[in-house]
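For the sequence shown, the positions run 32 to 517 when the working numbering is used.
Glycine is no exception: its CB is placed at the ideal position from the N, C-alpha and C atoms.
So the structure is just underneath, and the comments pick up after that.
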Amino acid sequence: MKIKTESSARKTQLLCGFIVEKYDKILGIGKIDSKTDLVISQAIKDNEGKLGRINVIPTPSKSTQRILLAGLGSKESITNDTIRFVSGKIAQKAKELKLKEFTIISPPNFVSDPVSSVTQIVEGCKMSLYKFDKFKSEKDQDSPDLTIVISKSKKILSAIKNAEITADGTIFTKSIANLPPNECTPSTLANFAKTISNSKMKCTIFSKSELKKRGFGGISAVGQGSKNEPKLIVLDYKNARNEKPIVLVGKAVTFDTGGISLKPGDKMDEMKFDKCGGCTVLGIMKAISELKLPINLVGIIPSVENMPGGESYRPGDIIKLYNGKTVEILNTDAEGRLILADALAYGEKHYSPKAIIDFATLTGACIVALGTNVAAIISNNENLTKKITNSSKRTTEEVWELPLNQDYMDMIKSDVADMKNVGIGRAAGTITAAAFLKNAVEKTPWAHVDIAGVAWTQTATKEKPYNPKGATGFGVRLILDYLQNL
Ligand code: BES
Ligand code: MG
Ligand code: ZN
């Protein structure tokens, strides 16, 4: 999908304009000819400006084959997400009509500021036209090209470029996260990381034997049950001189059977999405290097397959993490915290970062607590939480903070080791998992984002055109916004 801008509408197969409740015109479209105007005014009455409602009308005009009206709802209720959501609907309509191109008139300033308008239009359209059809014999036709009608300026053009990179990063994340577990192992992820590395972004992969030798006891234990060997993937992006980096960590369990503490069969296939945290980090790293942001950023992705078998780790085992702390394993299905703890400790020790943010499909309890549209954030630093929350508001990748006090830390104490890898029964499962992670970070501002509910579309997920079935790429837009507003 190519995107360009024009200062006024040219010849197009589909001219799209927004309408707002109680405004009896299509924003940005003036008079055309008396016949067409009549049809349009009736269509406006039909549409009523209701959020997400779309009307397509053929026109007798040669330069415009059809006009599309898209309702944005009432003026007071319009947010970034409204425009992203409705733009996505428009793009899907254009594809459904098998068009080669379509034109969207950017809404006027009283609806949304132009930079944010074009950002949402581009993100909404691009993300909504992505479809995971790698394994379908019959592929979709190419996505139609988009023209945005807006008065051009440097600021607008760079916002569009930016949004294209952001959407591409999200799509990159989705397309890896959607891969089935037989086609995506830890070494596949390592190869994806290599493909995005370049002169400013170095890629290092630690193999099974190196992990063992260097004391990554969590990654080694979880990974030992699978013939698809564990990897620790490190992407080191350096584009600022002597600045301390920000470290991003992402859980990448390419398939989580639960191991010896085997999961029930129902929906076990969805555990191919247990790599989503790592995929989010890959998408962010790719986008940052394309944006050429003048920062230092490190992406660390511990990747394993959690399988039962003769060589698997077991309940009762006591292992030693990278930071030297010992863990009594009580449930091999609580594997994410083990591999993350190694990665967090490694990140803090080797990079002395300004901040560490981790993403993980860590607990089923997160879905019980917050559902499938909001992620949990748990942190040791208020300022970091605040910044991420601000980005969350702009990007509509929603997060909600959960508490983490000493009482929760006490819940993971073990009789025989420094910690155990589960809490007490099912109480506060998301927080006790975070309590475990907190033990891996000594002094760095750290935030943990549990994306178990939001990383892919589940039965209770709110339908959005820009989140078609499958992985959502949650976190990519959130953290790109955070990094660009530091
Ligand atoms: N990957 C799962 C968490 C998960 C489950 C995410 C369902 C999304 C949907 C994680 O490894 C896990 O199994 N966690 C256990 C922890 C428990 C054994 C303490 C869980 O949530 O049940
Ligand atoms: Mg598990
Ligand atoms: Zn898991």
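Put residue i into one of helix, strand or coil per three-state DSSP.
i           : result
residue 309 : helix
residue 156 : helix
residue 32  : coil
residue 365 : coil
residue 133 : strand
residue 195 : helix
residue 331 : strand
residue 203 : helix
residue 127 : helix
residue 324 : coil
residue 97  : strand
residue 268 : strand
residue 351 : strand
residue 79  : coil
residue 178 : strand
residue 432 : strand
residue 397 : helix
Let me confirm a value: residue i is counted as buried when at least 16 other C-beta atoms fall within 10 Å, else exposed. Which label applies?
i           : result
residue 69  : exposed
residue 151 : buried
residue 333 : buried
residue 407 : buried
residue 367 : buried
residue 118 : buried
residue 143 : buried
residue 504 : buried
residue 375 : buried
residue 413 : exposed
Write down the C-beta distance between residue i and residue j rounded to the nearest angstrom, noting that I regard them as a contact closer than 8 Å.
i           : j           : result
residue 506 : residue 311 : 4 Å
residue 200 : residue 309 : Actually they do not touch by this definition, with Cβ atoms about 14 Å apart.
residue 502 : residue 157 : No, residue 502 and residue 157 are not in contact; Cβ-Cβ is about 15 Å, not under 8 Å.
residue 116 : residue 45  : With 8 Å as the limit, residue 116 and residue 45 do not qualify as a contact, their Cβ atoms being about 18 Å apart.
residue 430 : residue 420 : 6 Å
residue 145 : residue 58  : Residue 145 to residue 58, Cβ: 13 Å. No contact.
residue 283 : residue 325 : Rounded, the Cβ-Cβ distance is 28 Å, inconsistent with contact.
residue 88  : residue 98  : 5 Å
Given residue i, which residues of its chain have a CB within under 8 Å of its CB, disregarding the five upstream and five downstream residues?
i           : result
residue 164 : 170, 171
residue 384 : 275, 276, 277, 278, 329, 378, 475
residue 56  : 50, 75
Near residue i, what residues of its chain come up, given a Cβ to Cβ distance below 6 Å and the 5 sequence neighbours on each side ignored?
i           : result
residue 267 : 233, 329
residue 35  : 178
residue 322 : 196
residue 291 : 339, 343, 345, 363
residue 348 : 360
residue 235 : 265
Using alpha carbons as the reference points, say which of the options lies closest to residue i.
i           : options            : result
residue 387 : 154, 415, 367      : 415
residue 382 : 445, 325, 276, 47  : 276
residue 269 : 114, 316, 405      : 316
residue 402 : 418, 490, 443      : 490
residue 281 : 492, 484, 508, 480 : 480
residue 22  : 435, 340, 136, 147 : Residue 22 lies beyond the residue range present for the chain, which begins at 32 and ends at 517; the question has no answer from this structure.
residue 81  : 430, 341, 88, 105  : 105
residue 485 : 427, 517, 103, 466 : 427
residue 108 : 141, 89, 128       : 141
residue 40  : 511, 181, 32       : 181
Here's a check: name, in chain order, each residue in its chain whose Cβ is nearer than 7 Å to the Cβ of residue i, leaving out the five neighbours to either side.
i           : result
residue 243 : 251
residue 418 : 513
residue 459 : 439
residue 183 : 36, 38
residue 483 : 392, 393, 394, 395, 397, 398
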